[in-house]
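Visitor: Residue numbers (the numbering used here): 6 to 144. Heads up, the beta-carbon is just placed ideally off N, CA and C, and yes, glycines get one too. Quick one: structure below, then a few questions.
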Amino acid sequence: TQQMREEFGSIISIAQAAEILGFVVTPDHEIILTPLGRAISGVDGDEKKEIFKEQIQKLALFRSMMSQLEAEESVDEDTFKEQISRSLPYENADKIIDTMVDWGRYAELFDFDATLKKFTTGHEEEENQAEDDETHLEE
């Protein structure tokens, strides 16, 4: 049935993501937790987030994105889509961007403004907060 195909597709996508991140291996069509997969499954939210953050920072696309964001502090979504399309011409750049937004936000690597379609380092927000804090202290 259609529902079963969709569920199977979701399971495959989750397994592939977990494998890319080093949490599982998939020999002979089995899904086996790696030591890192066992470790992340046994820790609380903050530790889980930190392990996840470390793993996504090892991915070439995230490293490239983060170095560009550190240099420019703000990058349009289309810029990253173009880079993904050049690097991975047979992949769906929109789906990859959606995943990168979800993963990067969860790991607190960057901010993404869906209205402006813009990635930022989040440093501007920290600077604005620091300025607000200083203003309140002066009053």
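Can you have a look at residue 61 and say buried or exposed, based on whether 16 or more other CB atoms are within 10 angstroms of its CB?
Guide: By the 10 Å Cβ count, residue 61 comes out buried.
Visitor: I need the DSSP call for residue 89, collapsed to helix, strand or coil.
Guide: Helix at residue 89.
Visitor: When the Cα atoms are used, what is the spatial distance from residue 35 to residue 123?
Guide: Roughly 39 Å between the two C-alpha positions.
Visitor: To the nearest angstrom, report how far apart residue 98 and residue 88 are at their CA atoms.
Guide: Each residue's Cα considered, the two are about 9 Å apart.
Visitor: On the criterion of 16 or more Cβ atoms from any shown chain inside 10 Å, does residue 47 qualify as buried, or is it exposed?
Guide: Burial call: exposed.
Visitor: Could you tell me which of 56, 24, 13, 71 sits nearest to residue 105, measuring between CA atoms?
Guide: Checked all of 56, 24, 13, 71; the closest Cα to residue 105 is 71.
Visitor: Is it true that the CB of residue 78 sits closer than 8 Å to the CB of residue 120?
Guide: No. Outside cutoff.
Visitor: Do residue 30 and residue 37 have their beta-carbon atoms positioned less than 8 Å apart in this structure?
Guide: Going by C-beta atoms, residue 37 is nearer than 8 Å to residue 30.
Visitor: Of all the options 27, 83, 54, 84, which has the alpha carbon lying nearest to the alpha carbon of residue 108?
Guide: Of 27, 83, 54, 84, the residue nearest in Cα terms is 54.
Visitor: Pick helix, strand or coil for residue 126, following the three-state DSSP scheme.
Guide: Coil.
Visitor: Contact defined as beta carbons within less than 8 Å: I believe residue 44 pairs with residue 56. What is the distance between those atoms, to the nearest angstrom?
Guide: Confirmed, Cβ separation roughly 7 Å.
Visitor: Less than 8 Å between C-beta atoms, sequence neighbours within five positions excluded: which residues of the same chain meet that for residue 25?
Guide: So the list reads 64, once near-sequence residues are dropped.
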